[in-house]
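Notes to accompany the following structure.
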Amino acid sequence: MKLVIYSPEKTVFDGEVEMVELPGGKGRFQVLKDHDSLISTLVAGDIRYRVNGEEIRQPILSGYVEVHKNVISACVYL
């Protein structure tokens with residue numbers, strides 16, 4: 009899957025990931041390969057994602073995410 013995290017100032021991350029966990033407006037949720045398409049708001053918390061078995065955390069204040077055809081695009085405020 010491809011994950012792109014960007015803010016108004018810069019691209020925070022752009023690369024291949026194994027898993028993404030996001031702080032959704034109605035609770036945390038996880039995205040794995042071949043997840044159904046969705047759009048969700050994001051609230052303050054951490055975006056957690058796994059690259060080559062290593063978990064990385066990116067704190068955010070808010071934003072939104074779109075998942076479509078194994079591409080996760082998150083527009084966030086840091």
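For the sequence shown, the residue numbers in this note's numbering are 9 to 86. Glycine included, every Cβ here is placed at the ideal spot set by N, Cα and C.
Secondary-structure assignment with DSSP links Lys18 through no beta bridge to anything. Per the DSSP secondary-structure output, Asp54 pairs in a beta bridge with Pro67. For Glu26, there is no enclosing beta strand (DSSP E), as DSSP gives it neither H nor E.
Boundaries for Ser45: no beta strand (DSSP E) harbours it, and the DSSP string shows neither H nor E there. DSSP, reduced to helix, strand and coil, places Lys41 outside both helices and strands of the structure shown, so it counts as coil.
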